[in-house]
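In what follows, a single structure is set out as structure tokens and then discussed.
See the structure below:
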């Protein structure tokens, strides 16, 4: 027998032994079907991918709209403000501004500035859902998790979710509480101690309301981005249309046409992405509920989770489409 | 602010988007009335400016200074819905010049009314 063949046989035997140990260990710790949790985690991760690109387009269009509007009407939207770098301010506790004052301040800012805040809010919200999905996947997995690790993962998700809600300037209904609430943590803790599926199922169900409220926040942020994109697109299209009406040379006409085609294809791609994102946020709570069902019944149908999973694949394609169109510019 | 009021920001955005489409159609129609086009354009710009401010404030935008506009949107709700449908219908008709020209006074009255509360 050659040296090569011996090595292959040895490796195969070692792999088989390792696989047997891993399988025995897995079955001993938990008999949870991992697939639904993997699907949920992948879907949430894909939702994150598309957000940035389409908001960037909205930002560019809104900024152009602001500059054009500002030049033709010096009173439009708001005067310029210089940046302030007050390093001492962060050391003092910040006084809570009245809601009316916050809204008035927001309305004074140009729209493109608000888009930046909304983008960060959405990124943070996506990160919170991402952390929640990872937490669930880890809990459902065979790898053991210490109570401290559970606390750290929950705290991480809660901190980004709270930051997202604050940045979005949207008020959550009274009693929404933390993104990952104490009731979830308690049941998850019991699950870690006893490895009984019912505790994990309870943990997920305990968190259903929070998932619903934060998903509504995400859907609202996406809708605002969609309306902003439509408004900015219309402003830009009006300008192109007006230029077309007075254009005389063929060279001018070709340039306007090319700009219009590029604007239309990018806006269409971004709108498709935003529509899919809004749909994903609508499906998240039902998918969360399906995860609990998967723990109750191994053969449960899980229609919402499957819809979210297929939508997330579509999101990947739409994201790639918009990215390639943006690179073409 | 309740969800009931949330829909009016989206309704206003949708109205202004359709108004923009109508403006383009009217501008392209031969024999369009320049004075009416100008008025329509001014109303569109005024509403658009308000839309931007409201979008910047998010859904919690119906503060005291925007309450009159909210009331107008609530009062004109059915008319706005009809306007949106009408524009969608006009877009679908291949040879729509006569209908586009004939629709201008209705569009102008609704747009000017909303713009006056912006």
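Protein chains in written order, with the working numbering: chain H, 411 to 739; chain C, 214 to 331. Don't be surprised by glycine CBs; every beta carbon is placed ideally from N, CA and C.
- When Cβ-Cβ separations below 8 Å define contact, residue 265 (chain C) makes contact with chain H.
- Proximity of chain C to residue 634 (chain H) at the Cβ level (cut-off 7 Å) is accounted for by 268, 271, in chain order.
- By the neighbour-count criterion, in which 16 or more other beta carbons inside 10 Å mark a residue as buried, residue 737 (chain H) falls on the exposed side.
- Within chain H, no residue has its CB atom less than 9 Å from the CB of residue 329 (chain C), the nearest being about 18 Å off.
- For residue 570 (chain H), the CB contacts under 6 Å within the same chain, skipping 5 residues up- and downstream, are 534, 537, 538 in chain order.
- The three-state reading of DSSP puts residue 589 (chain H) in coil, since its state is none of H, G, I, E or B.
- Residue contact check for residue 290 (chain C) against chain H: no CB pair falls below 8 Å.
- Here residue 331 (chain C) really is in contact with residue 282 (chain C); their C-beta atoms are around 6 Å apart, less than 8 Å.
- The contact set of residue 237 (chain C) on chain H, defined by CB atoms closer than 8 Å, consists of 647, 648, 651 in chain order.
- Burial is judged here by how many other beta carbons sit within 10 angstroms of a residue's own beta carbon; residue 322 (chain C) has fewer than 16 and is exposed.
- Counting only the Cα atoms, residue 725 (chain H) lies some 10 Å from residue 685 (chain H).
- For residue 229 (chain C), the chain H residues whose Cβ falls inside 9 Å of its Cβ are 640, 641, 644, in order along the chain.
- In this structure, the beta-carbon distance from residue 522 (chain H) to residue 562 (chain H) does not fall below 8 Å.
- Interface annotation, residue 247 (chain C): not in contact with chain H, CB-CB separation never under 8 Å.
- By the Cβ rule, the stretch 621-628 of chain H does not count as touching the stretch 712-722 of chain H, because fewer than three pairs are nearer than 8 Å.
- In this structure, the beta-carbon distance from residue 547 (chain H) to residue 448 (chain H) falls below 8 Å.
- Residue environment analysis places residue 446 (chain H) among the buried positions, since at least 16 neighbouring C-beta atoms fall within 10 angstroms of its C-beta.
- Nearest CB-CB separation between residue 637 (chain H) and chain C: below the 8 Å threshold.
- Short of 8 Å from the beta carbon of residue 240 (chain C), and not among the five residues preceding or following it, lie these beta carbons of its own chain, in chain order: 250.
- Among the residues of chain C, those whose CB is under 7 Å from the CB of residue 521 (chain H) are 265, 268, 269, following chain order.
- Between residue 257 (chain C) and residue 222 (chain C), the CB-CB gap reaches or exceeds 8 Å.
- Cα atoms of residue 596 (chain H) and residue 613 (chain H): separation of roughly 8 Å, rounded to the nearest angstrom.
- Contact annotation, residue 610 (chain H) with residue 679 (chain H): C-beta distance approximately 39 Å; criterion of less than 8 Å not satisfied.
- When Cβ-Cβ separations below 8 Å define contact, residue 299 (chain C) makes no contact with chain H.
- DSSP places residue 290 (chain C) inside the alpha helix (DSSP H), whose first and last residues are 290-305.
- Rounded to whole angstroms, the separation of the alpha carbons of residue 590 (chain H) and residue 617 (chain H) is 7 Å.
- Shown here, residue 566 (chain H) sits in a helix according to DSSP, grouped into three states.
- Straight across, the Cα-Cα distance linking residue 527 (chain H) with residue 577 (chain H) is about 6 Å.
- Chain C places a beta carbon closer than 8 Å to that of residue 579 (chain H), counting this residue as a contact.
- Across the stretch 521-537 of chain H, CB contacts with chain C closer than 7 Å involve 521, 524, in sequence order along the chain.
- DSSP places residue 714 (chain H) within a helical segment (H, G or I) once states are collapsed to three.
- Cβ proximity to chain C below 9 Å picks out nothing from the stretch 668-681 of chain H.
- DSSP places residue 272 (chain C) in the coil class of the three-state scheme, outside both helix and strand.
- The DSSP-derived three-state label of residue 442 (chain H) is coil.
- In this structure, DSSP gives residue 316 (chain C) a state outside helix and strand, which the three-state scheme calls coil.
- Under the 8 Å criterion on CB atoms, residue 630 (chain H) is classed as interfacial with respect to chain C.
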